[in-house]
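Under our numbering, the first residue of the sequence shown is numbered 42, with each subsequent residue one higher.
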Amino acid sequence: MRKFSANFSFAVGLLVLMMMSCKENQQPNTVDKKDNIIIYQLLPRLFGNTNASNKPFGTIVENGCGKFNDINDKALDGLKELNVDYVWYTGVIAHASLTDYSKHGIPTGDADVVKGRAGSPYAIRDYYDVDPDLAVDVNKRMAEFEALVQRTHNKGLKVLIDFVPNHVARSYQSFAKPKNVVDFGATDDKTVAYKATNDFYYIPGQDFKVPANSKSDGPLAVLQDGKFAESPAKATGNNVFAAQPSVNDWYETVKLNYGIEFKDGKEIKHLTPMPPVWLKMKDILVYWAEKGVDGFRCDVAEMVPVEFWSWVIPEVKKVNPKLIFIGEAYNPTVYQQYVTQGKFDYLYDKVGLYDGLKRFIKDEPAAKVSDIQHVWQKESVGFDEHMLRFLENHDEERIASKGFAGDAKLAFPAMVISATLGKGPLMLYFGQEVGEPGAGKEGFGGDDNRTTIFDYWGVPNHQRWLNNGAFDGAKLTPTEKQTRDFYKKLTSIRAGSDAITNGAMLELPLTGFAKAYAYVRYTKNQRLLVVANFDRSKSLTATVNIPTNALAGSKISTAKDLLTDKDVSFSNSTMNLKVAPSSSQIIQF
């Protein structure tokens with residue numbers, strides 16, 4: 042997770058988890074659905090925006106903003122072309138921003154504790170409201186969101202939204218909460234650093250200080266006076282217990298108390314009686330589930346005690362047993378614990394598969410196939426179907442960016458691995474399918490190879506597919522069309538594959554090819570040979586023998602690369618491979 046600053050560290054948060062022990066007698070959570078689902082992440086703020094002005098730190102008037110209503114039937118049909126099952130609408134819940142909605146009873150954020158003009162979607166200012174930027178009629182913003190949920194369902198798609206449990210905006214105050222809800226911190230004892238019944242952590246006797254060197258050198262500078270009233274200061278979201286956090290900290294957020302006391306370098310649990318935050322968060326999840334949301338992507342899940350998830354997920358699933366919970370996870374040593382004890386349906390496979398594949402895409406000397414082997418042979422053994430694979434999301438660099446690959450096609454072999462290696466979900470990020478490079482110094486994030494989540498912006502490659510709301514791709518370049526066609530073909534293969542959903546796995550050695558990887562996925566109904574050649578200059582020419590157990594007693598009669606619909610040469614149980622540089626094959630035989 043790098044949504045607040047490109048340079049922060051997760052070390053402190055992960056220490057919490059390293060101290061937790063996993064119960065040996067627990068089994069992975071059983072998911073009542075097709076496990077090889079495909080998730081498409083989009084920010085409504087950016088997805089439907091046709092404005093191409095792209096002024097750094099531009100206002101909502103200058104740069105435009107997508108709306109819930111922009112995501113119409115035609116747009117959803119475009120996602121269905123990519124065989125999507127779930128749409129993850131990022132940035133739905135109201136977060137702190139600098140756009141003035143005071144005439145609607147919504148306070149304007151303070152520029153000293155808001156990152157960018159539009160603000161981070163992960164600095165929640167009201168858990169019971171949707172972001173007014175996304176509404177055509179601000180006074181009917183919730184109705185417009187509910188209509189989007191219904192529209193998505195009518196297309197046979199399901200809805201995911203973010204759940205941000207670890208922290209809230211420094212300006213948090215709910216104006217949309219139900220009458221019986223007590224706001225966070227309303228009854229806290231602010232004279233002490235920690236109290237089991239407090240919602241927040243405090244630094245008694247000290248006022249909050251805006252981080253040094255946080256003043257913008259752009260248009261927001263005139264809005265920043267270097268002050269924000271908070272007395273006493275609260276602990277910052279990334280476990281920083283100081284009145285003045287660093288400019289690289291999540292300084293626009295405050296940490297919520299789930300019953301963990303941080304004292305003298307130790308973490309002491311106070312989970313009985315149940316901390317008030319637990320109950321408040323359960324009510325928030327139920328609120329959104331009752332609006333028809335089908336699941337939650339849970340931000341920095343590892344920074345919240347696993348015991349909370351173990352309790353809250355089954356409680357919320359009483360509303361809808363088919364809800365799914367996806368945990369943003371970065372510590373492979375606790376993956377299994379968060380699936381078994383924590384009861385998550387899925388976890389990010391970032392540090393394992395993503396990081397290993399990224400080294401190949403960037404053609405780094407450190408890239409090695411043993412990283413891929415480690416993922417399925419050791420890291421996720423026994424719970425592979427619970428690991429979500431991806432090559433892009435809002436935290437990561439765009440594949441086609443100058444800092445990553447510079448060319449979307451260089452990631453095609455890695456994308457094939459991501460889509461076929463495991464039984465768990467595959468995730469795409471909007472614009473990925475047309476090679477969006479994430480270029481430009483948008484505002485707070487700067488020119489960081491990512492598409493901004495902090496500012497109003499137009500996304501050029503995506504906008505060519507958007508085509509002023511036609512969603513027909515008529516303005517895409519030939520290269521962009523080829524990229525989208527690749528993703529359509531790959532996701533179609535995956536969505537209809539019994540071997541990927543249910544199949545066993547056998548690795549096939551490729552002697553002499555250090556930058557290539559091959560394996561067979563098979564069931565009694567389907568057999569696939571997957572070959573990925575990451576080498577940018579060297580073709581892969583080899584013969585491989587298909588093991589007898591993968592043949593399941595049935596000889597090879599045909600062999601076809603499903604990505605190109607071309608026949609592949611074979612003899613008996615031997616496959617003759619010819620794979621061009623930076624390309625791949627999925628051979629059905």
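We put the beta carbon where it would ideally sit given N, CA and C, even for glycine.
State buried or exposed for G397, treating a residue as buried only when at least 16 other CB atoms are found within 10 Å of its CB.
buried
Taking only the alpha-carbon atoms, compute the straight-line gap between V155 and V251 and give it to the nearest angstrom.
11 Å
Using a 10 Å radius around the Cβ and a threshold of 16 neighbouring Cβ atoms, would you call S612 buried or exposed?
exposed
Pull up the distance between the alpha-carbon of K409 and that of M315, whole angstroms please.
46 Å
Can you give me the C-alpha to C-alpha distance between D425 and L531, rounded to a whole angstrom?
20 Å
Check this for me: beta carbons of V281 and V327, under 8 Å apart or not?
no
Considering Cα atoms alone, identify which of V263, V572, T228 is closest to L551.
V572
May I ask which residues mark the beginning and end of the alpha helix (DSSP H) holding Y528?
Looking at the DSSP string, the run of the alpha helix (DSSP H) that includes Y528 is 519 to 536.
Under the three-state reduction of DSSP, which class applies to W291: helix, strand or coil?
coil
Per the DSSP calculation, I202 is bridged to which residue(s)?
Paired residues: Y130, F337.
Buried or exposed, going by whether 16 or more other CB atoms sit within 10 Å of the CB of V263?
exposed
Can you give the Cα-Cα distance for D153 and T313, rounded to whole angstroms?
37 Å
How far does the beta strand (DSSP E) with N629 in it extend, from its first residue to its last?
Strictly speaking, residue 629 in this sequence is Gln, with Asn absent from that position. Element bounds for Q629: 624 to 629.
What whole-angstrom Cβ distance do F98 and D496 have, given they're in contact under 8 Å?
6 Å
By the DSSP assignment, the beta strand (DSSP E) with D425 in it spans what residues?
Premise fails: D425 is in no beta strand (DSSP E) and is neither H nor E.
Count the other CB atoms, across all protein chains shown, that sit within 10 Å of the CB of R430; report buried if there are 16 or more and exposed otherwise.
buried
Tell me which residues share the same chain as V190 and place their Cβ nearer than 8 Å to its Cβ, disregarding the 5 neighbours each side in the sequence.
V200, K332, G333, V334
Kindly confirm or deny that the region 447 to 464 and the region 514 to 533 touch, where touching means at least three C-beta pairs closer than 8 Å.
yes
Roughly how many whole angstroms lie between the Cα atoms of D73 and P362?
For D73, the predicted model reports a pLDDT of 36, less than 50, meaning its position is unreliable; a value from the coordinates is still stated below. Roughly 9 Å between the two C-alpha positions.
Going along the chain, which unbroken runs of the alpha helix (DSSP H) with 4 or more residues stay wholly within the region 323 to 389?
347 to 357, 376 to 381
Decide if T381 is buried, meaning its Cβ has at least 16 other Cβ atoms within 10 Å, or exposed.
buried
Between F366, S255, K115, V222, which lies nearest to I80 when the distance is taken from Cα to Cα?
F366
Around the C-beta of T374, are 16 or more other C-beta atoms found within 10 angstroms, so that it is buried, or is it exposed?
exposed
Give the straight-line distance between the Cα atoms of K601 and V609, rounded to the nearest whole angstrom.
5 Å
With distances taken between CB atoms, is the gap from F347 to Y371 smaller than 8 Å?
Sequence inspection shows Val at residue 347; the Phe mentioned does not correspond to that position. Result no, Cβ atoms of V347 and Y371 do not sit closer than 8 Å.
Less than 7 Å between C-beta atoms, sequence neighbours within five positions excluded: which residues of the same chain meet that for E65?
Unreliable positioning characterises E65 in this predicted model, as indicated by a pLDDT of 33, which lies under 50. The coordinate reading is nonetheless provided below. Cβ neighbours of E65 beyond the five flanking positions: none.
Using the DSSP secondary-structure output, state which residues sit across from M468 in a beta bridge.
I80, F431
Which same chain residues end up closer than 7 Å to K44 when comparing Cβ atoms and leaving out the 5 residues on each side of it in sequence?
Confidence in K44 is poor, its pLDDT being 44 and thus under 50, which makes the residue's placement unreliable; the coordinate value appears in the next sentence. So the qualifying residues of the chain are S161, Y163, H435, D436, I494.
For S612, list the residues DSSP reports as bridge partners.
DSSP lists T615 as partners of S612.
For R192, collect the residues of the same chain with a Cβ closer than 8 Å to its Cβ; drop the 5 residues on either side in sequence, then sort them by chain order.
I112, N113, D114, L117
Using the C-alpha atoms, what's the distance from A217 back to A515?
41 Å
Flag this pair as yes or no: are the beta carbons of Y130 and P173 separated by less than 8 Å?
Result no, Cβ atoms of Y130 and P173 do not sit closer than 8 Å.
Could you tell me the distance, in whole angstroms, from the CA atom of P622 to the CA atom of S578?
5 Å
Do P206 and V345 count as a contact pair if the criterion is CB distance below 8 Å?
yes
How is the alpha helix (DSSP H) around K121 delimited, first residue to last?
114 to 121
Considering only DSSP beta bridges, list what H136 is partnered with.
Per DSSP, I165.
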